[in-house]
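Here is the structure we will look at, set down as structure tokens.
In our numbering, the protein residues as written are 31 to 351.
And the structure:
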């Protein structure tokens with residue numbers, strides 16, 4: 031219980047600190063010296079930008095980490111995530127299709143297009159690895175990265191034909207800088223999906239044991255896999271549409287948590303969500319502080335941190351296998 035209190039206190043403390051970081055930076059002592067008009071201006075900044083940004087960071091970090099946990103369990107491979115399975119690339123391709131053929135469509139239509147395309151693409155990835163003989167923990171994510179690279183190359187070529195390469199480039203680096211009141215609320219749709227993941231947590235654990243184990247326990251292995259794919263695809267689609275491409279969260283967070291807490295999904299779900307939110311929040315704060323008052327996109331920070339951790343996992347793959 032004491033560890034839980036420290037754990038969540040640290041997250042809440044950093045979250046509170048992040049509210050005072052930005053172009054309009056102020057300290058708690060400055061608040062006491064403000065007059066009524068200045069306080070009103072600062073409160074508007076909080077309501078319209080800082081609080082929405084903080085909420086989106088917490089939701090995105092926790093939901094992407096849980097998505098990675100689900101992917102790793104249903105594939106029984108610690109190196110699979112929405113990033114290494116090509117799910118994010120398929121989502122980005124779906125958003126591009128929506129922009130081209132549904133111009134002016136609301137974000138929910140873009141999410142719908144990204145969801146359908148990513149669900150099809152991730153299903154293709156699972157079908158491919160199911161046919162590969164002599165699988166190992168490294169080969170499976172390499173297949174996903176290869177497929178994702180092919181999809182990304184095709185999307186860029188397609189975007190070049192319609193002169194929207196600049197829009198595509200903006201999706202390559204996720205950022206919370208444009209999150210303001212009124213254009214981020216769709217992210218809250220990830221919350222019920224995380225609750226659904228908790229309901230299916232034990233089933234995902236069993237599905238990771240293989241089809242034979244699931245059938246022996248009277249479970250429909252295919253339906254569990256489909257539910258996992260739906261959750262992962264929707265969360266990834268919402269993130270791509272609202273924030274952009276955020277790499278490595280679903281890859282490194284579940285692995286770190288599993289080292290200390292084990293492999294049971296329900297047991298480590300909350301810790302995975304906490305560490306995912308913490309990772310994104312730390313990277314976002316770092317991006318705002320390193321070259322203040324300017325900002326480094328969080329996608330860049332996550333790429334550096336996540337890439338370093340991923341390389342460490344590859345070099346120590348026997349420990350993680």
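For every residue, glycine included, the Cβ atom is placed at its ideal position computed from N, Cα and C.
Q: Report the rounded CA-to-CA distance for residue 272 versus residue 187, giving the unit in angstroms.
A: Here residue 272 refers to the residue found at position 242 when the chain shown is read from its first residue. Here residue 187 refers to the residue found at position 157 when the chain shown is read from its first residue. If you take the alpha carbons of residue 272 and residue 187, they lie about 23 Å apart.
Q.
So, with DSSP's three-state summary, where would you put residue 351?
A. For the purposes of this step, residue 351 is taken as the residue at position 321 of the chain shown. Note that residue 351 scores 47 on pLDDT, short of 50, meaning its location in the model is unreliable; the coordinates nonetheless yield the value given after this. Here residue 351 sits in coil by DSSP.
Q.
Suppose the cutoff is 7 Å on Cβ atoms and the five residues either side in sequence are ignored; what does the same chain contact list for residue 292 look like?
A. Working through the chain shown from its first residue, we reach residue 292 at position 262. If we look at residue 292 and ignore the five residues flanking it on each side, its Cβ neighbours are 298.
(Q) With distance defined between alpha-carbon atoms, name the residue in 36, 38 and 74 nearest to residue 49. (A) Position 19 of the chain shown, counted from the start, is the residue given in the question as residue 49. Nearest of 36, 38 and 74 to residue 49, Cα basis: 74.
Q. Leaving out five residues before and five after residue 97 in sequence, what residues of the same chain have Cβ atoms less than 6 Å from its Cβ?
A. Counted from its first residue, the chain shown places residue 97 at position 67. Excluding positions up to five away in sequence, the list reads 112, 262, 265 and 280.
(Q) So, under 8 Å CB-CB, residue 151 and residue 181 are touching, yes? Tell me the CB distance rounded to an integer number of Å. (A) Residue mapping note: residue 151 aligns to position 121 of the chain shown, counting from 1. Residue mapping note: residue 181 aligns to position 151 of the chain shown, counting from 1. Sure, about 7 Å apart at Cβ, within 8 Å.
Q: Determine the burial state of residue 77: buried for a count of at least 16 other Cβ atoms within 10 Å of its Cβ, exposed for fewer.
A: Translated into positions along the chain shown, residue 77 becomes position 47. Burial call: exposed.
Q: Would you tell me roughly how many angstroms separate the C-alpha atoms of residue 275 and residue 330, rounded to the nearest one?
A: Numbered from its first residue, the chain shown carries residue 275 at position 245. Numbered from its first residue, the chain shown carries residue 330 at position 300. Their backbone Cα atoms lie some 10 Å apart in a straight line.
Q. For residue 89, which option in 246, 223 and 315 has the closest C-alpha, if you only look at C-alpha atoms?
A. Sequence index remark: in the chain shown, residue 89 carries index 59 (1-based). That would be 223, whose Cα lies nearest to the Cα of residue 89.
**Q.** Environment of residue 206 [buried if 16+ CB atoms lie within 10 Å]
**A.** Mapped onto the chain shown, residue 206 falls at position 176. So residue 206 ends up on the buried side.
(Q) To test your reading of the DSSP string, which unbroken alpha helix (DSSP H) runs of 4 or more residues are found completely within the stretch 76–124? (A) 81–105
Q: Identify, in the order they occur along the chain, each residue of the same chain with its Cβ nearer than 7 Å to the Cβ of residue 146, setting aside the five sequence neighbours on each side.
A: Here residue 146 refers to the residue found at position 116 of the chain shown. If we look at residue 146 and ignore the five residues flanking it on each side, its Cβ neighbours are 124.
Q.
According to DSSP, simplified to helix, strand and coil, what is residue 301?
A. Within the chain shown, numbered from 1, the residue matching residue 301 stands at position 271. The answer is helix: DSSP assigns residue 301 an H, G or I state.
(Q) Counting C-beta neighbours from all protein chains within 10 Å, is the total for residue 242 16 or more, i.e. buried, or is it exposed? (A) Looking up residue 242 in the chain shown gives position 212. Answer is exposed; the Cβ neighbour count stays below 16.
Q. Which one of 33, 81 and 149 has the shortest CA to CA distance from residue 46?
A. Here residue 46 refers to the residue found at position 16 when the chain shown is read from its first residue. Looking at the Cα atoms, 81 is the closest of the given residues.
Q: Taking all protein chains shown into account, decide if residue 225 is buried (16 or more other Cβ within 10 angstroms of its Cβ) or exposed.
A: Against the chain shown, residue 225 aligns to sequence position 195. Residue 225 comes out exposed.
**Q.** Beta-carbon gap between residue 192 and residue 174 smaller than 8 Å
**A.** If you number the chain shown from 1, residue 192 lands on position 162. If you number the chain shown from 1, residue 174 lands on position 144. In this structure, residue 174 does not lie closer than 8 Å to residue 192 by Cβ.
Q: Return the Cβ separation of residue 126 and residue 185 in integer angstroms, given the expectation that the two are a contact with Cβ distance under 8 Å.
A: Sequence index remark: in the chain shown, residue 126 carries index 96 (1-based). Sequence index remark: in the chain shown, residue 185 carries index 155 (1-based). Confirmed, about 6 Å.
Q. Thinking C-alpha only, which one of 346, 117 and 269 is nearest residue 87?
A. As a position in the chain shown, residue 87 is number 57, starting the count at 1. Residue 269 is the option with its Cα nearest to residue 87.
Q: Give me the Cα-Cα distance between residue 235 and residue 325, rounded to the nearest whole angstrom.
A: Working through the chain shown from its first residue, we reach residue 235 at position 205. Working through the chain shown from its first residue, we reach residue 325 at position 295. Taking the straight line from one Cα to the other gives about 40 Å.
**Q.** For residue 320 and residue 350, the rounded distance between their alpha carbons
**A.** Position 320 of the chain shown, counted from the first residue, corresponds to residue 350. Position 290 of the chain shown, counted from the first residue, corresponds to residue 320. Residue placement at residue 350 is poorly supported in this model, since its pLDDT is 45, which falls under 50; the coordinates are not used for a value here.
Q) In this structure, does DSSP put residue 257 in helix, strand or coil? A) Residue 257 sits at position 227 when you count from the first residue of the chain shown. Residue 257 falls in the helix class under three-state DSSP.
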